[in-house]
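In my numbering, the protein residues as written are 179 to 262. Right, one structure below, let's go through it.
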């Protein structure tokens with residue numbers, strides 16, 4: 179909107195510790211997927227101009243990795259990235 183060549187969204191999700199029991203991951207996934215489909219949740223999100231974007235666990239992990247890489251590249255481009 180201000181002419182800067184960057185687009186950032188604000189995705190949200192949950193994460194657990196590495197090696198988390200797959201059954202627990204699946205149970206949490208199923209509960210959040212069900213909640214995301216409830217009309218009250220859809221209405222609340224619309225009230226705040228939020229668009230539901232469902233991702234399964236692997237898709238969310240990839241999305242997080244993509245955001246990290248994109249933001250790192252943006253910070254490097256403008257000279258704000260921490261040097262190794």
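Even for Gly, the Cβ is constructed at its ideal location relative to N, Cα and C.
Considered as a whole, the segment 198-258 harbours 200-214, 217-225, 235-255 as its complete alpha helix (DSSP H) runs of no fewer than 4 residues, in chain order.
Taking residue 243 as reference, the option from 214, 189, 197, 254 with the minimal CA-CA separation is 189. In this structure, residue 232 sits near residue 214, with a CB-CB distance shorter than 8 Å. Scanning its chain for C-beta atoms nearer than 7 Å, with the 5 sequence neighbours on each side dropped, one finds around residue 235 the residues 203, 207, in chain order. The Cβ atoms of residue 191 and residue 238 sit closer than 8 Å to each other. At the C-beta level, residue 230 and residue 220 come within 8 Å of one another. Between the C-alpha atoms of residue 249 and residue 228 there is a straight-line separation of about 21 Å. Distance from the CA of residue 212 to the CA of residue 205, rounded to the nearest whole angstrom, comes to 11 Å.
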